[in-house]
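Student: All the letters of the sequence shown, read from the start, carry residue numbers 1 to 140 under the UniProt record's numbering. From the three backbone atoms N, C-alpha and C, an ideal C-beta is built for every residue, glycine too. Since we're looking at a predicted model, the values are computed, not measured. Have a look at this one before I ask anything.
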Amino acid sequence: MLRITDTVALADWELTEVFSRSSGPGGQNVNKVSTAVDLRFEAERSPNLPGPVKSRLKRLAGRRWTQDGAVLIRVEETRSQARNREIARERLAELIRKALEKPKRRVPTRPTLGSQRRRLAAKKERGAVKALRGSVDDTD
């Protein structure tokens, strides 16, 4: 059981962990011990997340969202398998917490009268500068 917030917790069947050999430094250890963690969360099938949260999670996950509706998180930062598991679970929890936040609805506003007048004055001033760039008459 992975607790995300007070109201949301993920069941064990929703999470799958696969361990593999990690790339990078580690000496002889890197060839023997499977320390990299691939954490798979079955987000689409999860009964603990409402529909809007799943759609926000899909947008936030980006490339980590698979075609069958799972979130894949790969961690191979440390030489410890246990620490990599913790990091992967923390990242998943953080991603879901961000998806749980409801975005503020944008209230469209009109520009103020002063800002409209300032914009038009700036446009006229710029137009005058450009008008002065024209060809010079040499009638002397």
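Residue 83 to residue 14, Cα distance in whole Å?
Tutor: The straight-line gap from Cα to Cα measures roughly 21 Å.
Student: If you draw a straight line from the alpha carbon of residue 130 to that of residue 55, how long is it in whole angstroms?
Tutor: Between residue 130 and residue 55, the C-alpha separation is close to 50 Å.
Student: Short of 7 Å in beta carbon distance, which residues of its chain neighbour residue 12, apart from the five on each side in sequence? Order them along the chain.
Tutor: Only 1 meet the Cβ criterion.
Student: Would you check if the distance between the CB atom of residue 72 and the CB atom of residue 40 is smaller than 8 Å?
Tutor: In this structure, residue 40 lies closer than 8 Å to residue 72 by Cβ.
Student: Using a threshold of 8 Å, state whether the C-beta atoms of residue 92 and residue 53 are closer than that.
Tutor: The answer is no: Cβ separation not under 8 Å.
Student: How many angstroms separate the CA atom of residue 34 from the CA atom of residue 65?
Tutor: Roughly 24 Å between the two C-alpha positions.
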